[in-house]
Structures are given as C-alpha cells and as structure tokens.
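A short worksheet on the structure shown next.
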Amino acid sequence: MNRILAAMLAAASCATMAQAQVGPSAPVAQEAPVYTLDQAVSAAGGSAPAAEAATAGIDAARAGRTVAGLRPNPVVQGQVENVIGSGPYRGVRSAETTVGFAIPIELGGKRGARVAVANAQLSRAEIQAAIIAADVRLQVTQLYVEAVAADRRVMTARDQARIASDALRAASVRVQAGRASPLEQQRADVARINADANVERQLRLAEAARANLARRIGRPIDGLLDDTLLDRLPGVNVYGPLAPVNTTGTLALAAANADFSIAEAGVRLARANRVPDLNVGPSIRRLEATNDMAAVFSVSIPIPVFNNGRAAIAQATAQRTQADAQRRVTALDIEQAITDAQAQAANAATTARAASGPALAAAQEAARIARIGYREGKFGQLELLDAERTLAETRVAAIDALANYQNARAQVERLTARAPNGGNQ
C-alpha cells in the first residue's frame, strides 16, 4: 500500500514540476486592461511637480522677454524757484513754477541687447522643460520595469514554493516507505519554509514597487502591467564596435549651448550699457510776478566718471569664456556617458539573452533530471536541492538581467534624447 501511495504522490509531483517548467512568462488570459508604459509616462508628465515648475519657468521667461522689450517710462517733473528768500523774493511773489516731463532715450542698442538676453533665457527654459520631461520618462520607466520585474519575482517565488512543497511530500513518502532517512524530510521542510518566506518577501517588494510607481504617476494603477516589456531584446547577431557617438542636438549639449548664448548676449548687453542715455523733455514755466508763461527744454546726460562700464564688460566676457569652456567639457562628458551607456546596454542585452535562454534552459533540464533521479533513487537529496537552488537563482538572475537591460536602454535613450528644434547649435 505504501508503494502504491508513493507512486501516486511521485506522479503528481512530476506533473506539477513539469508544469513549473513553463515559467512565469506563459501567456495567461486576462480580462483586465494592460496599463502600458506610455500611459504611465503620460500620466506622470501631467502630474509631476518638476514639469509644473518647468512650465512656470517658460512662462516667466516669456514675461521676461516682454519686459525686456519695453521702453523706459517718462518722468514727470515739477520745480518751484525764487521762493522764501529776501527782498523781492520774500514769500511767493516772485515764484517761478516749472512743470514738465523727461523722456529717457536709450542709446547703444540697450533694448535690442536686453531682448537678445531674454530670448536666450527663453530658449534655455524650453530646453530645461525638455530635460525635465526626459528625466520624468526615465524615472517612470525604471519604476515600471522594477514593478514588472517584482511581479515576475513573485511568480518565480511562488513556483519555487510549490516545487519545495512537492519535494517535501516526496521526501515524506520516501521516509514513510523506509527508503530514506528522516533527515531528508527535515531538509525538505527547511527548504519549503525558506521558499514560503521568500514568497512573503517578494510580495512586499512587489507592493512597494507598485506603490512607488503609482506615487510617481499620481494615480492608482488600473489593470495589469505590460509583462512583455522585459522580453524585448535587440537582435541576437549584434557584434562589433559600438556605433559612433553623435552628441549634436542632445539635451545636455543644447543646454550648454543655451548657457553660452545667454553669456554671449550678456556681453552685448554690457557693452550697450556702457553708452550713456539721454533724458530730454519739454517743460512749461510760469512767472508769478508777471503771470507770463515760457517754454523750457532740458537735456541731461550722465558723466561716466566712477562707473564707465569696463568692469561689467570684463565680467560678462569672463562669463562667456567660462560658458564656452563648459560647453566643450559637456560635449566630452556626454560623449563618454553615451559610450559607457551603450556598452552597458549591449552587455546587459548579452547577459539577459544568455540568462533567459541557454542558462535557464540548462538549469531547468538539470532540475528535471534531478527530480526524476531522486524519485527513482538514483540521486540523493543534496543533488536535488542543489539543482533546485540553481534553478531558482538562474530564474532570478534572468529577471534581473532583463530588467538591467531595459534600464540601460532607457538610460541610453535619455542621454541621446533630442532637444526641441534641434537645440542651440
């Protein structure tokens, strides 16, 4: 009777283990809609505080451009002379009242220089908004990939827990039949307890990953995540040197170019400010003694004795030199960053292909053979446990490799993202 029971349990264990070979990526019919990465990025872009700040920055830059194009306001002037003196100037009998206004006339192209600075600042604000949008997409992509990977780790942990339970039942049958030591049952029970604890840990991590993603997009996640995202790998026959790096038009270089444009416009503004402005305007004077009226025309110009504008020009020129040097440094840094990111993405793709392909297939086959051999008494329990542990580690390594490739690819896309209108060249 014990032999018949052992055979039935072994057959059931073999069937469940064979189903485990299908893996967590097997298609399952689901009625719930799939919440895609593009939907998550779109939701995050509309609710991210950084995007709101970037929009406010663009509005401020546009208002600044309007302010830069305004002319100086005229000044109303009033003056009373020849009052509260002695002799005929006692009281206000000989008062002369003058009322008029002065119109500042800007010279040297100050208004055009201010507008040029404002336009450069507006362009920089637009590039900054694009940078923030690219950063938001990268952050959401990483959180989305982590949530999908966490769900797969939960499926893998549950699968391993089920396999451990089956192994415990098989060990119990062998012990009851007198074919194995009770120590095997204890080992199998320890493996089952550890597998159940791992399920709990992975469930908590998956809940945390989904909560982080929902917090970033500003809304609860409706439906399932796109599980196929992790399996999108580049072609297998991708060898040879990496493609040449072209940083022209990238966001980082466009931002550096915009900073240089602002500094260059600042030099022009400093030179324009060195030219003194005129203040001209007509006035009307009333003579109290004769009650007559007379016109007065005034012209004033500041004398650049203490501040002749040379220091401001030197400061602006130094800032332009600094921005130009920083632009060249940025070009070198972005080229290096893109090269490193491309290499990391290529290596991650190679690792993911191997981990989710031949390595996983070999681990599954080794575990299958170990189960059959253990059931037939040809292999010991230690060999079975080692094969199961190797399979579990390979499955997790495959998930991690796929997630690492998706994150590396997202990083390459972020570094090579193009600036609006091609950036400032």
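Counted the way mature numbering (1 follows the signal peptide of the UniProt record, and there is no 0) counts, the sequence shown spans residues -20 to -1, 1 to 405.
Where is the CB? At the ideal position from N, CA and C, for every residue including glycine.
Predicted model, so just to flag it, every value in this text is computed and none were measured.
Would you be able to state if there are at least three C-beta pairs under 8 Å between the segment 171 to 181 and the segment 136 to 152?
Touching, yes.
Is DSSP giving residue 29 helix, strand or coil here?
DSSP, reduced to helix, strand and coil, places residue 29 within a helical segment of the structure shown.
Looking at the secondary structure, which residues open and close the alpha helix (DSSP H) in which residue 310 lies?
It spans 290 to 336 - the alpha helix (DSSP H) in which residue 310 sits, taken as one unbroken run.
Could you tell me if residue 187 is buried or exposed, where buried requires 16 or more neighbouring beta carbons within 10 angstroms of its beta carbon?
Residue 187 comes out exposed.
Is it right to say residue 7 is buried, meaning 16 or more other beta carbons lie within 10 angstroms of its own, or is it exposed?
At residue 7 the pLDDT is 42, less than 50, meaning the model places this residue with poor confidence and gives no usable figure here.
What does residue 172 pair with, by DSSP beta-bridge criteria?
Beta-bridge annotation (DSSP): residue 172 is not paired with any residue.
Kindly indicate which residue of 350, 382, 392 has the alpha-carbon position closest to the one of residue 337.
The residue with the shortest Cα to Cα distance from residue 337 is 382.
What does residue 369 pair with, by DSSP beta-bridge criteria?
Residue pairing by DSSP places residue 369 opposite no residue, since no beta bridge is assigned to it.
With burial defined as no fewer than 16 other Cβ atoms inside 10 Å of the residue's Cβ, what is the status of residue 364: buried or exposed?
Counting the other Cβ atoms within 10 Å of the Cβ of residue 364 gives 16 or more, which makes it buried.
May I ask you to check if the CB of residue 401 is nearer than 6 Å to at least one heavy atom of the ligand FAD?
With respect to small molecules bound, the structure shown includes none, and the ligand FAD cannot be examined in it.
For a quick check, are the C-beta atoms of residue 406 and residue 198 less than 7 Å apart?
For the chain, the structure presents residues -20 to 405; residue 406 sits outside this window and is missing.
Within 7 Å, strictly: CB atoms of residue 350 and residue 367
Taking 7 Å as the cut-off, the beta carbon of residue 350 is found closer than this to the beta carbon of residue 367.
Which residues does DSSP list as the beta-bridge partners of residue 205?
DSSP, once it has assigned bridges, lists 15 as partnering residue 205.
If we ignore side chains and look at the alpha-carbon of each, how far apart do residue -13 and residue 389 end up?
Any reading at residue -13 must be qualified, since the residue scores a pLDDT of 37, below 50, and its modelled position is unreliable; no value is offered.
Quick check on the DSSP output: the alpha helix (DSSP H) that includes residue 75 runs from which residue to which?
Looking at the DSSP string, residue 75 is not in any alpha helix (DSSP H), and its letter there is neither H nor E.
Out of 278, 51, 124, 295, which has the shortest C-alpha to C-alpha gap to residue 21?
The residue with the shortest Cα to Cα distance from residue 21 is 124.
Do the CB positions of residue 340 and residue 372 come within less than 7 Å of each other?
It is not a contact, given that the beta carbons lie outside the stated cut-off.
Hey, how far is the Cα of residue 343 from the Cα of residue 331?
The straight-line gap from Cα to Cα measures roughly 15 Å.
Whole angstroms are fine: how far does the CA of residue 250 sit from the CA of residue 292?
Rounded to the nearest whole angstrom, the CA to CA distance from residue 292 to residue 250 is 6 Å.
Can you grab the Cα-Cα spacing for the pair residue 34 / residue 239, in whole Å?
Put simply, the backbone Cα of residue 34 is about 16 Å away from that of residue 239.
Measure the CB-CB distance between residue 416 and residue 165 and report whether it falls below 7 Å.
Here the chain has residues from -20 to 405 only, and residue 416 is not among them.
Status (buried if at least 16 other CB within 10 Å, exposed otherwise) for residue 218
For residue 218, the predicted model reports a pLDDT of 47, less than 50, meaning its position is unreliable and no value from the coordinates is stated.
Tell me which same chain residues have a C-beta within less than 6 Å of the C-beta of residue 391, skipping the five on either side of it?
Annotation for residue 391: 321 place their beta carbon closer than 6 Å to its own, counting only its chain and skipping 5 residues before and after.
Assuming residue 89 contacts residue 328 under a Cβ cut-off of 8 Å, what Cβ separation, rounded to an integer in Å, is found between them?
A Cβ-Cβ distance of about 54 Å is found for the pair residue 89 and residue 328, leaving them out of contact under the 8 Å criterion.
Quick one: what does DSSP say residue 259 is sitting in, helix, strand or coil?
In the displayed model, residue 259 falls within a strand according to three-state DSSP.
Where residue 85 falls: helix, strand or coil (DSSP)
Residue 85: strand per DSSP, three-state reduction.
Name the residue from 36, 289, 234 whose alpha carbon lies nearest to the alpha carbon of residue 303.
With distances taken between Cα atoms, residue 303 lies closest to 234.
Between which residues of its own chain and residue 115 is the CB-CB distance below 8 Å, once the five residues before and five after are set aside?
Within its own chain, the residues whose Cβ lies closer than 8 Å to the Cβ of residue 115, once the five positions on either side in sequence are excluded, are 30, 394, listed in chain order.
With a Cβ-Cβ cutoff of 7 Å, do residue 232 and residue 314 count as a contact?
Closer than 7 Å, so yes.
Quick one: grab the DSSP three-state call for residue 280.
It is a strand residue.
Compare the Cα-Cα distances from residue 358 to each of 159, 167, 256 and report the closest residue.
Here the closest residue by C-alpha is 159.
To which residues of the same chain is residue 27 closer than 8 Å at the C-beta, ignoring the five residues directly before and after it?
Cβ-Cβ distances below 8 Å link residue 27 to 197, 198, 199 in the same chain, with the five nearest sequence neighbours on each side left out; the list follows chain order.
Which residues does DSSP pair with residue 434 in a beta bridge?
This structure leaves residue 434 out entirely; the chain is present only between -20 and 405.
To the nearest angstrom, how far is the alpha carbon of residue 241 from that of residue 307?
Residue 241 and residue 307 have their alpha carbons spaced roughly 11 Å apart.
Whole-number beta carbon distance between residue 309 and residue 82, since they are thought to touch under 8 Å:
Residue 82 to residue 309, Cβ: 48 Å. No contact.
Environment of residue 184 [buried if 16+ CB atoms lie within 10 Å]:
By the neighbour-count rule (16 or more Cβ atoms within 10 Å), residue 184 is not buried but exposed.
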